[in-house]
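Chains as they are written, first to last, in this note's numbering: chain Y, 2 to 464; chain C, 9 to 130.
Beneath this line is the structure, given in structure tokens, with notes to follow.
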Amino acid sequence: MLRFTVRSINIINIPIRCLSSTNIVSAPFKQKEGKTKQKMVTKKNDKVDVKRSTNLTHLPFGEAVRNLQFEKTASELKIDELTSDFSRGKVFIYPKKIESKLKSMGGFKKFQFQESFAKPITLTTSNTTRINELFVNKLDEKFENNRLYIDGSKGIGKSTLLNQAIALSLLKHNHDIIVLHMDNAEVIGNGSSNYIFNNKLSIYQQPMITRRWIKKILAANEDTFKKMKLTQDVKFTKDKLEIKLTANKHTLYDYLSQNFEFGKTDPHTHFKYLINEIKQHSKNIPVLVSIDNFNAVTDFSLTQYKSPDFNPIHIQEFEMGKFLIDVANGSIGFEKGGVLLSKCNDFAPNRKTIEVAVYPEREYNLYMKQPEFDLELARKLQGIKPFEMTSLTIDESRELMKIWKDQGVLIVRKDFNKKDFNQESSQVVEVDMESQFEKIVLNSFNTSQGNPMGMFKQIALTY
Amino acid sequence: MGVVVFGKSIKHNFSVKVGLAKTIFGIGYDTAERLMAKVKIYPQCKMNQLTEPQIMDLNREISQLLVEGHLKQKINNDIKLKKDIGSIAGMRHYYGFPVRGQRTCTNASTARRLNKVNRYRL
């Protein structure tokens, strides 16, 4: 209030200010005598700012650990690269090119503890040698005779074996092979993608899933697709311009890298065209199709999607679902190559469709109905050979744990002994670290029965 | 940020099924699923992922249902009819007592709160 009066007096006393073009309010105050104008001084903080938050509090624990990216600070790996003439029972890293391909395909999954090491490591076991003999060496033979279903308990290394099979086949054929990998087949039926009905093909299309999958296979097969010439002319629109690609001139890479119609919400026939092109080239280039979590497709054949009359849509009515079933069935029409299917134990164990299809000699309840059992689909999938995983041997476990020890994942220390009453504290017990390590190996091998995930959890995630 | 469907603002990060069921009077989870199937909205779709044509289709489908004010009016009318014809249920509504044989010595607090002739204010 006092301030206001001073200002108003000032304005009245200085008539010249009123005639000036500047705003009256912006006229300077007259300083009182004996007072100095105060200056704004910012306080200087001598303390160094410490970043405390990692912004991970909103994430679940496992996800938060992954986001911390411990692999960047992990010690350097001095392990040999995987070759086609590998020796059994040794730990390898993937060659750089193959590792990047596997990464782009989604081969290394969440919660596989890959962040413990600077690079993803892999142990060649009896399963690796078996898959090499039964599958990789037969990729030049007929596609429909080379179909395997990898079965085993949780954490035994089924997804890792898929990666190994892909890596070995890429090494064997010198990267001249088409790898169509689907890292999680459950996305087709779990209702996470938009869907449209294509009246022309009378099939449902899922643009979001198809676009993502095309992106992955394009990154993984870039070199191979650049060699593959188109066999038919094709045209599509890009940025409102029509693009025409001619046969024997342009390549499949040109087609896939420019065509964004896979992700559009309008019906199209491009997926069919792509499969036809791969089919044409499969005479010369073998096709490896690997599908992880395949039991999610078969055991949940009635999907979460509903038709307009509120009936669940069958997995075979989807374009991608039909492709996967045809591939597993062998009726897709690829000449050379093979298909590897893998099980996931996270889904309902009481559903028996894939089990009945792969093990027809086993007894099953004849009165089972949907959704537990889909007889039609089980009949369609007959002819797939089972590949049952075996757990690690004691030597393989020791070799794996030696690497963990070298990398600092496994800490070898003396056992904790509770002091007895009146025991002297100065008593020093010497422990032989070699024998202590052997003790840990035997202990974890016995408790987990050679399951690598169980071993890792027992060693690294428990205290 | 909200997405406006049928004149109601629904939070952007709600799934469509939950958003419709929680916001619009007269639509439950089952009806919401049926609506989504008709309009071809995928099951895990969030409110902010809806396109403009899909929202218009949803509005059109919801407007054909008996929801919100019309449904509330119907419930009020039904209670009033019961009272007018002199039925026991109508009288119980009038007195604010339980209608379906529940005890009144104790409890019956829900009935006292809800059972009126004009159940919903319009």
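All C-beta atoms in this analysis are idealised placements derived from N, C-alpha and C, irrespective of residue type, glycine included.
Check, Outcome
"Amino acids of chain Y, ordered along the chain, whose beta-carbon sits closer than 8 angstroms to that of Lys19 of chain C", "Near Lys19 of chain C there are no residues of chain Y at all, since even the closest Cβ is about 18 angstroms away, more than 8 angstroms."
"Residue nearest to Lys217 of chain Y in terms of C-alpha spacing, selected from Y:Glu64, Y:Gln383, Y:Asn185", "Y:Asn185"
"C-beta atoms of Val75 of chain C and Phe22 of chain C nearer than 9 angstroms", "no"
"Beta-carbon neighbours of Ala45 of chain C, restricted to chain Y and to distances below 7 angstroms", "Lys307, Ser308, Pro309, Phe311"
"Exposure label - Glu1 of chain Y; buried when at least 16 CB within 10 Å", "Because residue 1 of chain Y is not part of the residues shown, which for chain Y are 2 to 464, the question remains open."
"9 angstroms Cβ cutoff met for Val410 of chain Y and Phe118 of chain Y", "yes"
"8 angstroms Cβ shell around Pro268 of chain Y - same chain, five flanking residues per side excluded", "Ile197, Phe198, Asn199, Asn200, Lys201, Leu202, Gln206"
"Proximal residues to Val413 of chain Y (C-beta, below 8 angstroms), its chain only, five neighbours per side dropped", "Lys406, Met434, Gln437, Phe438, Ile441"
"Local conformation of Phe272 of chain Y per DSSP, three classes", "helix"
"Unbroken stretches of the alpha helix (DSSP H), 4 residues or longer, contained in the stretch 244-302 of chain Y", "253-259, 271-282, 296-300"
"From Y:Tyr368, Y:Ile316, Y:Glu100, residue whose alpha carbon lies closest to that of Thr299 of chain Y", "Y:Ile316"
"The stretch 161-172 of chain Y in contact with the stretch 132-147 of chain Y per 3-pair CB rule at 8 angstroms", "yes"
"CB contact check: Gln52 of chain C to chain Y, cutoff 9 angstroms", "yes"
"Nearest candidate by alpha-carbon position, reference Ile80 of chain Y, set Y:Ala349, Y:Glu400, Y:Leu443, Y:Thr463", "Y:Glu400"
"Where the beta strand (DSSP E) containing Pro387 of chain Y begins and where it ends", "386-389"
"Cβ neighbour criterion (16 or more within 10 Å) applied to Glu1 of chain Y", "Given that chain Y is displayed from residue 2 to residue 464, the structure contains no residue 1 of chain Y and the question cannot be resolved."
"Identified DSSP bridge partners for Tyr150 of chain Y", "Y:Leu342, Y:Pro387"
"Within chain Y, the residues that Glu41 of chain C reaches when beta carbons sit closer than 8 angstroms", "Lys307, Phe311"
"Backbone CA spacing between Gln155 of chain Y and Ile292 of chain Y [nearest angstrom]", "At residue 155 of chain Y the sequence reads Lys, which differs from the Gln that was named. Straight-line Cα distance between these residues: approximately 17 angstroms."
"Segment contact, 8 angstroms Cβ cut-off, at least three pairs: the stretch 29-45 of chain C with the stretch 299-311 of chain Y", "yes"
"Closer than 7 angstroms at the beta carbon, the chain C residues around Asn195 of chain Y", "Tyr50"
"Of the residues C:Met99, C:Thr118, C:Glu69, C:Lys54, the one placed nearest Ile35 of chain C, counting alpha carbons only", "C:Glu69"
"Cα-Cα separation between Phe261 of chain Y and Lys273 of chain Y, rounded to whole angstroms", "15 angstroms"
"Classification of Ile178 of chain Y by the beta-carbon crowding that lies within 10 angstroms, buried from 16 upward", "buried"
"Below-9 angstroms beta-carbon distance, Phe263 of chain Y vs any chain C residue", "no"
"Ala221 of chain Y versus Val432 of chain Y: straight-line alpha-carbon distance, rounded", "50 angstroms"
"Short-range partners of chain C found in the stretch 170-195 of chain Y, where Cβ spacing is below 8 angstroms", "Asn191, Gly192, Ser193, Ser194, Asn195"
"Cβ shell of Asn84 of chain C (< 8 angstroms), same chain only, five flanking positions each side left out", "Val125, Asn126, Arg127, Tyr128, Leu130"
"Same chain, Cβ closer than 6 angstroms to Gln57 of chain C, neighbours up to 5 away in sequence not counted", "none"
"Proximity test, Cβ basis, 9 angstroms: Phe144 of chain Y and chain C", "no"
"Per-residue burial, Thr463 of chain Y [other beta carbons within 10 Å of its own, 16 or more giving buried]", "exposed"
"Other residues of its chain near Gly384 of chain Y: CB distance less than 7 angstroms, five sequence neighbours each side excluded", "Arg148, Gly331"
"Contact with chain D by Phe198 of chain Y, beta-carbon distance below 9 angstroms", "Absent from the structure: chain D. Protein chains present are Y and C."
"Length of the line joining the Cα atoms of Gly77 of chain C and Cys53 of chain C", "27 angstroms"
"Where Val24 of chain C falls, given that 16 or more other Cβ within 10 Å makes a residue buried", "buried"
"Phe446 of chain Y, enclosing alpha helix (DSSP H) - first and last residue", "434-449"
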